[in-house]
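Residue numbers (the working numbering), protein chains in the order written: chain A, 146 to 299; chain B, 214 to 349.
Even for Gly, the Cβ is constructed at its ideal location relative to N, Cα and C.
All values reported here derive from a predicted model rather than from experimental measurement.
Reading through the C-alpha cells given below for one structure.
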Amino acid sequence: RVPALYQMKIFAPDKCTAKSRFWYFVSQLKKMKKTQGEILQCKEMYEKHPLVIKNVGIWLRYVSRSGIHNMYREYRDLTSAGAVTQCYRDMGARHRARASTIQIIRVEEVAASKTRRPNIKQFHNSKIRFPLTHRLNRKLHKPRFTTSRPHLTF
Amino acid sequence: YISYGPDAGKLAVIVDVIDQNRALVDGPCSGVSRKQMNFKALELTSIVMKIPRGLRPGNLRKAWEKQEVQKKWDSTTWAQKIANKKKRAQLTDFDRFKLMKAKQARNRLINVEFGKLRKTVKRPAPRLRKKKSVKK
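If you want it as C-alpha cells, here you go:
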C-alpha cells in the first residue's frame, strides 16, 4: 500500500515557516497531522522568467474584524513570489489584515486581456507616459547645510 | 541616471514600467544588470532611446551602441559636472597649486579689463549724496 503524496505551493519567508504552513493547510484539507505525515521535500521554486513583467492574480481568503471573506486581487510584478509579498503588504495596509489571517488560495499569472482591475489595466499601454512630478529631496543630511536649493524638477 | 543604491552613478535605460513606483531597468553597456528599480532612485536624463518596450538585453546593447548613448551622455553638462567633481576630488597638492596659479593668472586678466572699464564710467551721483549728509 502506497501512502498518498500531496504537494502544495506555499509562499513563506523561509523553509521553517513554509513547512509549518504546509501542515496548517494540509490538516485543514485532509485528515493528516504533522505526527502522521512526513515532509519529503521542501524546496524553493524559482521564477521561470524573472525579467518579464507579469500580471499576477491572487485568490485570497482572509479574516476581517466582522467575518471571513474571499478576495481576488491583482498585482504587477516580475515574480509571483514578489506579487504575493505585495499582496500581504497591501492587505495589511488596506484591510489591516495580518499575515496569520490571510490564506493564499491560488496564485496565477493572468494574461493582460483577462485582468479585471483598472489599476492594473492602466499599465497595459505600450506608449505609457507619466511624469515624475516634484521630486523630493530625501538627502536632507547629505549635506545638512548647503547654499543651493535642491533640484526638484528633472 | 541612477542616483543611489549599489548602481549609483550609472546610466540605465527604462525598458518597461512595472507599476507606479517601479520600472524594469537595464544598462548593458554600463554594468547594470536587468532589474527592477524604484523610480525614486532614477533621475531622467534628456536622452531618449528609440527602442520598443521590453527589448531584450542583447538587442538593447546593440541599440545602445548604435544610438551612441554614451557619447550623448558625455557631452551633456550634467555628465561634465560629475566628471569635474570627480577630478577635483582626485587632485594632488601639486595639482591644486597649479590650479591656484591658473586662477590667479585668469583673475589678473579680468581685473585689468575691469579697471579699464571703471575709468571710462562718469560719476555724478556720489557728490550729491555727500552734500545732503553735510546739511543734516
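- Within the stretch 245-270 of chain B, the residues whose Cβ lies closer than 7 Å to some Cβ of chain A are Arg247, Gln249, Phe252, Glu256, Leu257 and Arg266, listed in chain order.
- Annotation: A:Trp204 to B:Val245 spans about 35 Å, alpha carbon to alpha carbon.
- Of all residues in the stretch 262-275 of chain A, those with a C-beta nearer than 7 Å to a C-beta of chain B are Phe268, Ser271 and Ile273, reading in chain order.
- At least one C-beta of chain A is nearer than 8 Å to the C-beta of B:Asp232.
- For the set B:Leu224, B:Leu257, B:Leu273 and B:Asp287, the Cα lying nearest the Cα of B:Ile264 is the one of B:Leu273.
- Using a CB distance cut-off of 8 Å, B:Asp229 counts as an interface residue toward chain A.
- Taking 8 Å as the threshold, the shortest C-beta distance from B:Leu224 to chain A does not fall below it.
- The DSSP-derived three-state label of B:Leu312 is helix.
- Residue pairing by DSSP puts A:Ser209 in a beta bridge opposite A:Gly212.
- Per DSSP, reduced to three states, the secondary structure at A:Arg294 is coil, with no helix or strand assignment.
- The beta carbons of B:Trp286 and B:Thr258 sit about 7 Å from each other, so the pair counts as a contact at 8 Å.
- Setting aside the 5 residues that flank it on each side, A:Lys178 is surrounded in the same chain by Trp168 and Ser172, each with a C-beta closer than 8 Å to its C-beta; the list follows chain order.
- In the three-state reduction of the DSSP assignment, B:Gln293 falls in the helix class, which pools H, G and I.
- For A:Val252, the enclosing beta strand (DSSP E) stretches over residues Ile247 to Val255.
- Pairing A:Leu150 with A:Gln231, the inter-Cα distance amounts to about 31 Å.
- Excluding sequence positions up to five before and after B:Gly240, its CB lies within less than 7 Å of the CB of Lys223, Leu224, Ala225 and Val226, all in the same chain and listed in chain order.
- Taking one beta carbon from each stretch, the stretch 252-266 of chain A and the stretch 198-212 of chain A have 3 or more pairs nearer than 8 Å; the two touch.
- When A:Thr224, A:Arg274, A:Thr180 and A:Tyr217 are compared, the shortest CA-CA separation from A:Glu192 is found for A:Thr224.
- In the DSSP assignment, A:Ser172 falls within the alpha helix (DSSP H) that extends over Lys160 to Leu174.
- Annotation: the stretch 235-280 of chain B contains the following complete segments of the beta strand (DSSP E) (minimum length 3 residues), in chain order: 235-240 and 245-251.
- For the pair B:Gln280 and B:Gln233, the Cα-to-Cα distance works out to about 28 Å.
- For A:Lys284, the secondary structure class from DSSP, reduced to helix, strand or coil, is coil.
- Taking a C-beta cut-off of 9 Å against chain B, the contacting residues of the stretch 276-289 of chain A are Leu277, Arg280, Leu281, Arg283 and Lys284, listed in chain order.
- Beta-carbon to beta-carbon, A:Ala242 and A:Ser209 are separated by about 7 Å, close enough to satisfy the 8 Å threshold.
- Between B:Glu256 and A:Phe275, the C-beta gap is not smaller than 8 Å, which leaves the two residues out of contact.
- The alpha-carbon of A:Gln181 is positioned some 18 Å away from that of A:Cys161.
- The alpha carbon of A:Arg218 has as its nearest neighbour, out of A:Ala244, A:Cys187, A:Gly212 and A:Ile250, the alpha carbon of A:Ile250.
- Residue burial annotation: A:Gln152 is exposed, with fewer than 16 other C-beta atoms found within 10 angstroms of its C-beta.
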